[in-house]
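4 protein chains.
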Amino acid sequence: MPHHAAPLPDIVFEEEFITGLKKVFEEMIVFNALLGLKITSLKPERVCASIAMRNELVGHFAYNRIHGGVISAGLDAMGGLAVMAAIGARHMDESPQQRLQRFSKLGTIDLRVDYLRPGIGATFELRAEVMRLGSRVASTRMEFLGADGKLLSTAAAAYIVS
Amino acid sequence: MPHHAAPLPDIVFEEEFITGLKKVFEEMIVFNALLGLKITSLKPERVCASIAMRNELVGHFAYNRIHGGVISAGLDAMGGLAVMAAIGARHMDESPQQRLQRFSKLGTIDLRVDYLRPGIGATFELRAEVMRLGSRVASTRMEFLGADGKLLSTAAAAYIVS
Amino acid sequence: MPHHAAPLPDIVFEEEFITGLKKVFEEMIVFNALLGLKITSLKPERVCASIAMRNELVGHFAYNRIHGGVISAGLDAMGGLAVMAAIGARHMDESPQQRLQRFSKLGTIDLRVDYLRPGIGATFELRAEVMRLGSRVASTRMEFLGADGKLLSTAAAAYIVS
Amino acid sequence: MPHHAAPLPDIVFEEEFITGLKKVFEEMIVFNALLGLKITSLKPERVCASIAMRNELVGHFAYNRIHGGVISAGLDAMGGLAVMAAIGARHMDESPQQRLQRFSKLGTIDLRVDYLRPGIGATFELRAEVMRLGSRVASTRMEFLGADGKLLSTAAAAYIVS
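Protein chains in written order, with my numbering: chain A, 1 to 162; chain B, 1 to 162; chain C, 1 to 162; chain D, 1 to 162.
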């Protein structure tokens, strides 16, 4: 069911914005670093990241399964990143620094995660897209996939914007 | 809104069951250890735990706010623990070891978290109770509170049982 | 789990406000009338209503069970009513008419319903309370009960305010 | 993000199964008839239906907007129908009547709806697909669209299967 939010203009982010957003997302949000979240793609209409499995992320010792909390935490973070990218694309008239500051105003209102299949594997992919970006609230949809592209979890979240 | 989960018999868990469940929950589920989840109360009808704030759990560098993912991960873990306690109370005819093995069969179907207020503080309390324990599915409700008892987040989740 | 929504001042609504809100809720929102929603209590911190079972509301012909959609629709409506009552209590300096106009600005952002037990009975009770009323977003918690007080469904929703 | 559940065999339902399922869904589930839900497509991997707007379904008198409850009720019904179609496709060895009886065992565990844009229009389209069909639980994703194909609401739900 490929439905996308209102089409975004054909925008390519500047290196400074991308580097800055990566730094905020991967390093300054310390818990993201603990999860090992790494951005792999950053576009106005969709963002992707990966997580490498390691022992600290185990939720089920018997099966070496990734903890559901890594999935929910990672997908919440990704939804916020998608909103940030969509906001960034809407304010290309501002400097990269000005746009990055908008990140500090984002807040998750609520999050729902559906766990479809157990997360077992060496790496995982996370994707997020904005379904609607309003002036006060943004709605997003996220996916957590295995390295083979199998859909393991889906999520939806709402964010306060501004 | 008075709660109405099926009344559970007046059961007190044996030391062996409590110690075993703590070991599984706080140590063997490695990601719970990373979160710093510590069980403070373990009863058939309600379970409580605490998390001590530390730098690794920061979600918002500007405000020293706890990451929403710590909240979602912690509340998901707590919902599972509540189901485990309710199941344990239903099978007091089994040995503590047999009951503990039931933990490995639990799986989260889905989770919803509502973020009400920013999580700022030195420690946090987490609570969970089972709203309904069926033969195949259990439904739970969870809360994330500040040290002053202020309600910061609420959550609901469904778990596969058996 | 004691609830901790911000304590609301000890306010009693005027007859004009109550009558007006009932008219809007029970009549002007036509689908509420189709559901048969009747307000039974209207306080700043909690609202209650009832639905009488009838053939049109059947979801499961084999068991005469109420349709899950009546539950989700009713609880969404109740969450909105709870927000309206909380907003009304915050603006007692305005005339009842001015406060009632605020209803038209409310919008549901999202809704989650947990179906715990089948809804079978002659009447049902619905309750809602506001967990947090912000300047832009309100979060609510709702319950759907049998005539005997048994909890049948729970729900949570977020609303745009203003 | 077009991710589908495990690919279903290339199955075409018999006329008897389709007619029977329509009768159950559109007539015997009385509240669906009240909503005016009409199946437009019934395939193992996806189901579609439509709702014609009429005065009884109004949620917002000021704007002639469809009631959020019609959306949540309709999408819950559609998720169940999608599960029913997926189950039907899995049991083509059974007679149509045997497969139809499976409908009476379905139950919604929980439902989440995200309201993206106001529902204004003469007709609406509803779609649902199964993300995962397990032996005990099925997960679905649903969409509510305007006549112009604009995405108005999305939803996700879990169902007890058996």
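Where a beta carbon is used, it is the ideal one built from N, C-alpha and C, also for glycine.
Query	Result
Own chain, CB closer than 7 Å to residue 18 of chain B, minus 5 neighbours either side, in chain order	42
Cβ-based neighbour list, residue 105 of chain A, same chain, cut-off 7 Å, excluding 5 preceding and 5 following	162
According to DSSP, residues forming a beta bridge with residue 82 of chain B	Note: residue 82 of chain B sits in no beta bridge, so no partner.
Residue 116 of chain C - DSSP class collapsed to helix/strand/coil	coil
Listed by chain order, chain D residues near residue 139 of chain A by CB distance under 7 Å	114 and 116
Inter-stretch contact at 8 Å, needing at least 3 Cβ pairs: the segment 129–137 of chain B / the segment 119–128 of chain A	no
Backbone secondary structure at residue 109 of chain B - three-state DSSP	strand
Local Cβ density within 10 Å of residue 93 of chain C, reported as buried at 16 or more and exposed below that	exposed
C-alpha gap between residue 12 of chain A and residue 81 of chain A, whole angstroms	16 Å
Proximity test, Cβ basis, 7 Å: residue 14 of chain C and chain D	no
Neighbourhood of residue 149 of chain D by C-beta, 7 Å cutoff - its chain only, sequence neighbours within 5 removed	none
Backbone secondary structure at residue 157 of chain A - three-state DSSP	strand
Inter-stretch contact (C-beta, 8 Å, three-pair minimum) for the segment 73–87 of chain D and the segment 65–79 of chain C	yes
Spatial neighbours of residue 121 of chain D in its chain, beta-carbon cut-off 7 Å, leaving aside the 5 residues before and after	53, 146 and 147
Short-range partners of chain D found in the segment 84–105 of chain B, where Cβ spacing is below 9 Å	none
Extent of the continuous alpha helix (DSSP H) to which residue 22 of chain B belongs	15–23
Sequence-distant residues of the same chain with beta carbon closer than 6 Å to residue 156 of chain C, five excluded per side	112 and 141
Residues of the segment 149–160 of chain D whose Cβ lies closer than 8 Å to any Cβ of chain A, in chain order	151, 154, 156 and 158
Nearest-angstrom beta carbon gap, residue 99 of chain D and residue 88 of chain D [assumed within contact, 8 Å]	5 Å
Listed by chain order, chain A residues near residue 170 of chain D by CB distance under 9 Å	Chain D is shown from 1 up to 162; residue 170 of chain D falls before or after that span and cannot be answered.
7 Å Cβ cutoff, residue 110 of chain B in contact with chain D	yes
Within chain D, the residues that residue 56 of chain C reaches when beta carbons sit closer than 7 Å	30, 31 and 34
Cut-off 7 Å between Cβ atoms - residues of its own chain near residue 152 of chain C, not counting five sequence neighbours on either side	116, 117, 119, 144, 145 and 146
Complete beta strand (DSSP E) runs within the segment 44–75 of chain C (minimum length 3 residues, chain order)	46–52 and 58–60
Chain B within 7 Å of residue 49 of chain A, Cβ atoms only	no
Chain-ordered chain D contacts of residue 136 of chain B [CB-CB under 7 Å]	136 and 160
Delimiting residues of the alpha helix (DSSP H) encompassing residue 99 of chain A	96–101
Among A:135, A:46 and A:25, nearest to residue 38 of chain A - alpha-carbon criterion	A:25
Residue 84 of chain C versus residue 139 of chain C: straight-line alpha-carbon distance, rounded	12 Å
Per-residue DSSP class, three states only, for residue 35 of chain D	helix
Nearest neighbour of residue 158 of chain C, chosen from C:79, C:20 and C:101 [CA to CA]	C:79
Residue from D:33, D:16, D:154 and D:160 whose Cα sits closest to the Cα of residue 57 of chain D	D:33
Local conformation of residue 135 of chain D per DSSP, three classes	coil
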